[in-house]
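In my numbering, the protein residues as written are 1 to 76.
Don't be surprised by glycine CBs; every beta carbon is placed ideally from N, CA and C.
Each remark here refers to the structure printed beneath this line.
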């Protein structure tokens with residue numbers, strides 16, 4: 001059973017009566033901001049999951065001792 005056109009019309013009428021004509025645009029704007037924040041949050045989670053994969057595929061870096069670091073170790 002799916003929602004028909006008359007059920008949608010009834011829901012819209014109830015929302016209009018509850019929130020009124022003045023508050024309806026503001027409420028819908030807040031709902032839109034909430035949906036946008038949710039999408040951005042999910043997108044951020046996907047990017048953070050992809051980031052470790054990139055790190056694993058990267059070539060490992062090697063550290064190089066400089067003359068200064070050798071000098072510091074011997075004088076300590």
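Look at residue 3 here: in three-state DSSP terms it is coil, with no helix or strand label. Residue 19 and residue 46 have their alpha carbons spaced roughly 36 Å apart. Spanning the alpha carbons of residue 30 and residue 14 requires a straight line of approximately 18 Å.
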